[in-house]
Amino acid sequence: MTTATALRAVGVSRVFGSGDTAVHACTDVSLELHAGELVVLRGRSGSGKSTLLNILGGLDVPTDGEVWWGGTSLAGLTDDQLTTLRRGRVGFVFQSFGLVPVLSAAENIAVPLRIGGVDPGERDERVRRMLELVGLDDHANQRPAELSGGQQQRVALARALVVEPEILIADEPTGQLDSSTAAEMMVLINALVRERGIAAIISTHDPLIVAQAQSVIELHDGRITGTHRRGRHAAEPAAG
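Set out below in structure tokens:
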């Protein structure tokens, strides 16, 4: 498995406002994320996790510092350039799922491919493979309201992965799931990270996810206060 650096942040800071009312959401954060690696970002609510993930995913711009995806710096890119680059390299999974209520599971998964102008034949085939991968091939035509929370999260994961990203960014992806469903979701994410060489960073309070990560980054008041490495194969679940 390759250990190429998929994502790198150097001295990233994000300040909202100015003067006495300024909020320092992130301060001098540096980290690296490698292909095939599952990294957990851990910290209390308000510690800056979501802000940092938005910056790493190119959804927000740091006040200082720089983010790299592979050999490409995000600094200085226009909005259009960044959108195009993000569309093919980064997949996002959020706690709220973010599915379109009037679209079926298959149609929700296809959204980023439609936006990207993927050929209809290829698009349909990639959606079919994703539905099969996440175990929802029998639910392709159901809308979100007709699916359980776990099934909706699987649709959200499939939508993130259908673009075949190098980087997966997930913000509390199991926060609305029961413990059993959350465990199933993490087994799936974990397997995909290893098998497809995806670099994944997940913010979570879930001890199950933390236990499976190869690296855990502690964030407090917007600063990294510790990084715990567990080895390249720490995220592999035990047999049985």
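One rule links them: number in our numbering = place in the sequence shown (from 1) + 5. We put the CB at the ideal spot given by N, CA and C, even for glycine.
For residue i, tell me which candidate among the options has the shortest Cα-Cα distance.
i: I207; options: A150, F97, R119 and R159; result: F97
i: G180; options: I203, A145 and D211; result: D211
i: D226; options: R159, L36, G51 and A9; result: G51
i: A163; options: L182, L193, T186 and R234; result: L193
i: V221; options: T230, T88 and V45; result: V45
i: A115; options: L224, V167, T26 and R47; result: V167
i: F102; options: I60, I214, R159 and H144; result: R159
i: G231; options: R131, T88 and S35; result: S35
i: E169; options: D183, A145 and M135; result: M135
i: A165; options: S153, F21, P117 and A27; result: P117
i: L224; options: S23, R131 and L58; result: L58
i: V15; options: F21, I60, A111 and H233; result: I60
What's the C-alpha gap between residue i and residue j?
i: G155; j: E200; result: 22 Å
i: E171; j: R228; result: 26 Å
i: D85; j: I174; result: 20 Å
i: R128; j: S109; result: 15 Å
i: G140; j: A188; result: 15 Å
i: T83; j: G62; result: 15 Å
i: L79; j: L87; result: 7 Å
i: L182; j: T209; result: 12 Å
i: L64; j: S185; result: 31 Å
i: D25; j: G48; result: 25 Å
i: K316; j: T8; result: The chain is shown from 6 up to 245; residue 316 falls before or after that span and cannot be answered.
i: A252; j: A216; result: Outside the shown range of the chain (6 to 245) lies residue 252, about which nothing can therefore be said.
i: A244; j: E177; result: Below a pLDDT of 50, predicted positions are generally treated as unreliable, and A244, at 36, falls in that range; no measurement from the model is reported.
i: Q219; j: S153; result: 30 Å
i: L90; j: G121; result: 11 Å
i: V17; j: A30; result: 10 Å
i: D142; j: G76; result: 36 Å
i: T32; j: N113; result: 36 Å
i: V107; j: A145; result: 13 Å
i: A27; j: G81; result: 24 Å
i: A240; j: V132; result: For A240, the predicted structure reports a pLDDT of 40, less than 50, and the residue's modelled location is therefore unreliable. The matter cannot be settled from this model.
i: Q157; j: N195; result: 18 Å
i: M191; j: I203; result: 14 Å
i: I214; j: H233; result: 14 Å
i: S23; j: G126; result: 51 Å
i: E137; j: F21; result: 43 Å
Compute the beta-carbon to beta-carbon distance between residue i and residue j, rounded to the nearest angstrom, for a pair I have assumed lies under 8 Å.
i: T56; j: R19; result: 5 Å
i: W74; j: R94; result: 6 Å
i: L104; j: A161; result: 6 Å
DSSP state of residue i, grouped into three classes?
i: S55; result: helix
i: G16; result: strand
i: D69; result: strand
i: I172; result: strand
i: G96; result: strand
i: I194; result: helix
i: S185; result: helix
i: E223; result: strand
i: A111; result: helix
i: A216; result: helix
i: D33; result: strand
i: T77; result: strand
i: V45; result: strand
i: A204; result: strand
Inset, instruction - Would you check if there are 3 or more beta carbon pairs closer than 8 Å linking the segment 89-105 to the segment 37-48? - result: no
Legend entry - Cβ contact check for the segment 137-154 and the segment 57-71: 3 or more pairs under 8 Å: no
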